[in-house]
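Below is one structure, written out as structure tokens; comments come after it.
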Amino acid sequence: MSICGDFRRAFEVGPVFRAEDSYTHRHLCEFTGLDVEMEIKKYYFEVMVIVDRLFVTMFDSLNQHCKKYLDAVACQYPFEPLKCLRHNLRLAYEEGIQMLKRSCEGSLSTIIFY
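Laid out in structure tokens, this is it:
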């Protein structure tokens, strides 16, 4: 709605509540959501540039400003340091299809690619 109102970008961080049937004791029904909207001026890959920068900034900030908390979590649940490529891989559709076909040799014979 903000985009229709001539805002170029709109960002919202806020609580999200989901009322879903769950069959687990550890179901996440409340969390903080990030809603991002932007106009696309010319090309769809403008969004890809923004998303690249968003993730790089998030991971760098977490590693820099939240090290104490990450270390505390790692004591109980070990994990590798948070990493993010500076620029995510971008492929033309045809390149992606060729890579998929090469890696799956024969198991894609029933799939039709357009």
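Mapping to the working numbering: the sequence shown position 22 is 72, numbers consecutive. Here a beta-carbon is modelled for each residue, glycine too, at the ideal position from N, C-alpha and C.
D71 (DSSP reduced to helix, strand or coil): For this step, residue 71 is matched to residue 21 along the sequence shown. If DSSP states are grouped into helix, strand and coil, D71 belongs with coil.
Minimum length 4: unbroken alpha helix (DSSP H) runs contained in the segment 98 to 153: 117 to 126
Backbone secondary structure at E96 - three-state DSSP: Stepping through the sequence shown from its first residue, residue 96 is reached at position 46. Helix at E96.
C-beta atoms of R68 and M88 nearer than 8 Å: The residue labelled residue 68 in the question sits at position 18 within the sequence shown. The residue labelled residue 88 in the question sits at position 38 within the sequence shown. No, the Cβ-Cβ distance between R68 and M88 is not below 8 Å.
Residue from H137, T74, K151 with nearest C-alpha to Y143: For the purposes of this step, residue 143 is taken as the residue at position 93 of the sequence shown. Measuring from the Cα of Y143, the nearest candidate turns out to be K151.
Delimiting residues of the beta strand (DSSP E) encompassing M88: Working through the sequence shown from its first residue, we reach residue 88 at position 38. Its beta strand (DSSP E) spans residues 80 to 88.
Supposed contact pair C134 and F193 - C-beta distance, whole angstroms, cut 8 Å: An answer regarding residue 193 cannot be provided, because it is not within the stretch 51 to 164 covered by the chain.
Beta-carbon separation (whole angstroms), P128 vs N113, contact threshold 8 Å: Here residue 128 is taken as the residue at index 78 of the sequence shown, counted from 1. Here residue 113 is taken as the residue at index 63 of the sequence shown, counted from 1. Their Cβ separation, rounded to whole angstroms, is 16 Å, which puts P128 and N113 out of contact at 8 Å.
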